[in-house]
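Per the numbering used here, the very first residue in the sequence shown carries number 45; after that it's consecutive.
Don't be surprised by glycine CBs; every beta carbon is placed ideally from N, CA and C.
Down below is the structure, laid out as structure tokens.
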Amino acid sequence: MKIVRMIMVVLVSMLAVSSSVSAQVLVTGETGGKGNQAVLFSANGIFPEGLELVSVYGQYIYGVTDRLDFGPVYGHITALGRTQHYIGTGWNLALFRRKKAFVDVSFFGVATFPLNKRSEASTVLTAPSLVVSRPITLNGKSVSLYTGVSTLVPIGQTLDTLFTPPETVWNVPLGFSTVLNDGWSLYAEVDVHPTFKAVGIGLVKGF
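And the structure:
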């Protein structure tokens, strides 16, 4: 299919222009729909060689249109006993839907700004990602599997930064989501890269 070939070209292109640590997406290629609201609570561990980083953050998500979810982000990241707080915005823009493309594809991203210890991080950290997902049924329960390409792109100062990478880095997320009870959904993800390990978990409450 032309759309599937296009998706593969974009994935390969992103891998080609990026270099080597990681962001977690904890999202599928589906958007929530216009007017829908949700909150995300997430904990992530990123383990490049010789360093451990733990990031905890929350996001309010609002369906601006049927294809675009958008909302503010707040979190903090800890490394070497030091903690930095940050704010930002996140989005998930639907590009293709499985009714026509077999899979759901979205352009997901987060842009954050440090609130403290600014000299130890880039001026802005962006995490643009291409997410591909599709729901399946396991033992009668719907589970959405997702993957794609995720990048971290530091903007501004990049030298001697503890909390952000010195250059653009990439990884391949492998995750799933499933609906729990009372409007809650669970997301779990590992990230694949030769030089680091990363794992994350998220809880989303829709209302």
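Check	Outcome
Assigned secondary structure, R141 (DSSP; H/G/I helix, E/B strand, else coil)	coil
Secondary structure of E164, DSSP reduced to three states	helix
Beta-carbon spacing of T222, K185 below 8 Å	yes
Cβ neighbours of S194 in the same chain (closer than 6 Å, five flanking residues each side left out)	A67, V69, S173, N215, P217
Validate contact between the region 232-244 and the region 152-170 using beta carbons, cut 8 Å, 3 pairs	no
F207 vs Q103 beta-carbon contact at 8 Å	no
Limits of the unbroken beta strand (DSSP E) element including V213	213-223
Residue closest to G115, alpha-carbon to alpha-carbon, out of N160, G79, N225, F91	G79
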